[in-house]
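Residue numbers for the sequence shown follow our numbering, so the first one is 336 and each next one is one higher. Here a beta-carbon is modelled for each residue, glycine too, at the ideal position from N, C-alpha and C. Structure record follows, encoded as structure tokens.
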Amino acid sequence: MKIQETIPNDFSTRNLVRTRSIQPEEKRTRELSTSEKLMEELRNNYKNIQFDFVDFKNDSQLKEYAMSKPGMNHVAISKELLNKMAEDEKLYTEVKEILSSLSKYQENSMIEAYLSGKKLNGMGLVLDENGEVSKWTNMEEIPEETYWIPKHETESTTSSFSSTTEKKNIYEIPYKYSQSRHMMRLANAKNVTSVRGVIAASQSEIGKVKLKISDPKEAAVIIRKIKNVIRNGNIKIARLHKEERLFRAERLAEKRKKAALERQLAEQLRKKKIARKAQEHCQTASFDDIFGKPSVNDERYRQISEQYASVAALGVGAASVSASAVTTVPQTALTGGSGGEISIVSTGVINSSV
Numbered sequence: 336m337k338i339q340e341t342i343p344n345d346f347s348t349r350n351l352v353r354t355r356s357i358q359p360e361e362k363r364t365r366e367l368s369t370s371e372k373l374m375e376e377l378r379n380n381y382k383n384i385q386f387d388f389v390d391f392k393n394d395s396q397l398k399e400y401a402m403s404k405p406g407m408n409h410v411a412i413s414k415e416l417l418n419k420m421a422e423d424e425k426l427y428t429e430v431k432e433i434l435s436s437l438s439k440y441q442e443n444s445m446i447e448a449y450l451s452g453k454k455l456n457g458m459g460l461v462l463d464e465n466g467e468v469s470k471w472t473n474m475e476e477i478p479e480e481t482y483w484i485p486k487h488e489t490e491s492t493t494s495s496f497s498s499t500t501e502k503k504n505i506y507e508i509p510y511k512y513s514q515s516r517h518m519m520r521l522a523n524a525k526n527v528t529s530v531r532g533v534i535a536a537s538q539s540e541i542g543k544v545k546l547k548i549s550d551p552k553e554a555a556v557i558i559r560k561i562k563n564v565i566r567n568g569n570i571k572i573a574r575l576h577k578e579e580r581l582f583r584a585e586r587l588a589e590k591r592k593k594a595a596l597e598r599q600l601a602e603q604l605r606k607k608k609i610a611r612k613a614q615e616h617c618q619t620a621s622f623d624d625i626f627g628k629p630s631v632n633d634e635r636y637r638q639i640s641e642q643y644a645s646v647a648a649l650g651v652g653a654a655s656v657s658a659s660a661v662t663t664v665p666q667t668a669l670t671g672g673s674g675g676e677i678s679i680v681s682t683g684v685i686n687s688s689v
């Protein structure tokens with residue numbers, strides 16, 4: 336009887352002790368709220384991120400927080416947003432996507448620091464109660480490195496008797512523009528490709544004029560001459576296109592055995608060529624900017640002036656003969672072209688109903 340009495344007492348004491356040891360653990364798990372479970376889950380899933388679940392009332396609190404956090408793995412989440420994440424599964428998924436893309440924010444911060452010549456001390460993200468994502472960076476200026484330079488390297492090695500004034504280069508040729516030379520190049524161009532090459536060369540001269548001519552009035556006069564060459568080049572391109580069309584039509588008439596039409600087209604083509612060449616001859620008749628004007632007292636002055644007059648008369652005569660064949664050409668468009676520094680940046684809002 337005594338043995339039967341002691342056995343139940345042992346079992347009762349064992350069960351009592353066992354229940355007393357289990358009760359505090361169950362009570363602690365029951366006391367964990369949903370937001371605390373969410374905190375534990377985030378810390379377990381993203382072990383490389385240092386989480387802080389705080390609310391910032393103003394920017395000064397955020398700056399103090401940023402100054403106290405070295406490193407680049409900080410994420411601060413508002414407690415109110417944490418409660419919303421526990422209720423909204425879509426919001427929780429979007430927050431996890433932002434946490435997964437933390438490396439991209441880190442790369443952007445490092446690039447910004449490198450481009451600004453600063454040292455990146457810290458970086459982190461802040462998710463407030465409204466779902467707005469902000470990035471903070473803690474940067475400081477990099478001090479310039481100074482090296483010791485020997486005295487003999489800093490001292491001037493030139494003689495004290497040498498001239499201190501900079502001498503001009505006696506071989507430097509001043510810039511001069513010859514409109515007649517460019518007009519002769521334009522007259523010698525036989526096809527559209529050559530004419531476009533002359534136009535491109537003239538357009539490149541505009542840049543040289545702006546660089547080398549300091550007087551704005553003189554530069555404007557030269558640029559006006561260059562644009563005149565470009566305009567004549569565009570007119571010649573239009574005329575060459577017309578002559579090409581007439582030539583193709585003439586060949587087509589010859590192929591179709593239409594002799595009358597072929598003769599008519601050949602005559603039109605001949606007249607247009609004569610008119611174009613006569614006008615080019617008139618445009619290139621002046622050589623004032625190529626050869627200097629001789630003195631009036633010079634004996635050769637009379638001979639040169641007579642030759643010039645005869646050349647001009649030839650140009651006028653050829654132009655008068657072919658005046659009936661000259662047609663108006665529409666002007667075409669020109670070918671070719673004339674201490675630590677804290678910065679807070681808002682990066683967006685989470686796309687959910689927060």
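| query | result |
| --- | --- |
| Outcome for I412 when other beta-carbon atoms lying within 10 angstroms are tallied against a minimum of 16 | buried |
| Supposed contact pair S537 and I570 - C-beta distance, whole angstroms, cut 8 Å | I570 to S537, Cβ: 14 Å. No contact. |
| Assumed close pair Y745, L434 - CB separation to whole angstroms, cut-off 8 Å | Residue 745 lies beyond the range of the chain shown here (336 to 689); nothing can be said about it. |
| Expected contact under 8 Å - CB spacing of W471 and L397 to nearest Å | 7 Å |
| Alpha carbon of V318 to alpha carbon of I557, nearest angstrom | The chain is shown from 336 up to 689; residue 318 falls before or after that span and cannot be answered. |
| Beta-carbon gap between R510 and K547 smaller than 8 Å | Checking the sequence shown, residue 510 turns out to be Tyr, not Arg. Against a cut-off of 8 Å, the Cβ pair of K547 and Y510 comes out as a contact. |
| Through-space distance from P478 to Y427, alpha-carbon basis | 43 Å |
| Span of the alpha helix (DSSP H) around G542 | 527–547 |
| For G406: DSSP bridge partner residues | G457 |
| I384 - DSSP class collapsed to helix/strand/coil | coil |
| Under the three-state DSSP convention, the category A595 falls into | helix |
| Buried or exposed by the 16-neighbour rule on C-beta atoms within 10 Å, applied to I534 | buried |
| Enclosing alpha helix (DSSP H) for N465 [first to last residue] | Here N465 belongs to no alpha helix (DSSP H), and DSSP marks it neither H nor E. |
| N- and C-terminal bounds of the alpha helix (DSSP H) containing F582 | 551–590 |
| Nearest to I679 (by Cα), restricted to the options R378, R586, M374, S395 | S395 |
| Exposed unless 16 or more other CB atoms sit within 10 angstroms - verdict on E361 | The predicted model places E361 with a pLDDT of 48, which falls under 50 and marks its position as unreliable; any figure quoted below should be read in that light. Exposed, since its Cβ has fewer than 16 Cβ neighbours within 10 Å. |
| Test item: CB-CB of L596 and V564 under 8 Å | no |
| Cβ shell of L377 (< 7 Å), same chain only, five flanking positions each side left out | F386 |
| For A524, the three-state DSSP class (helix, strand or coil) | coil |
| C-beta contact flag for K302 and R574 at 8 Å | The displayed coordinates of the chain run from 336 to 689. Any statement about residue 302 would go beyond what the structure contains. |
| Beta-carbon proximity list for V651, same chain, < 8 Å, skipping 5 on both sides | Note that V651 scores 45 on pLDDT, short of 50, meaning its location in the model is unreliable; the coordinates nonetheless yield the value given after this. If we look at V651 and ignore the five residues flanking it on each side, its Cβ neighbours are C617. |
| Residue interval of the alpha helix (DSSP H) (run including K414) | 414–422 |
| Other residues of its chain near V530: CB distance less than 6 Å, five sequence neighbours each side excluded | A524, G568, K571, I572 |
| Pairwise C-alpha distance: A421 and N408 | 23 Å |
| Nearest-angstrom beta carbon gap, G459 and K404 [assumed within contact, 8 Å] | 6 Å |
| Range covered by the alpha helix (DSSP H) that runs through E442 | 437–450 |
| R598 versus Q614: straight-line alpha-carbon distance, rounded | 24 Å |
| Own chain, CB closer than 7 Å to K577, minus 5 neighbours either side, in chain order | K607 |
| Three-state class that DSSP yields for V656 in the structure shown | Low per-residue confidence applies at V656: pLDDT is 38, beneath 50, and the placement is therefore not dependable, though the value from the model is reported in the following sentence. DSSP places V656 in helix when its eight states are reduced to three. |
| Rounded distance between the beta-carbons of E585 and A601, thought under 8 Å | 6 Å |
| Cβ distance (whole Å) where N418 is taken to contact S370 below 8 Å | 6 Å |
| Supposed contact pair F388 and M402 - C-beta distance, whole angstroms, cut 8 Å | Not really, about 19 Å apart at Cβ, beyond 8 Å. |
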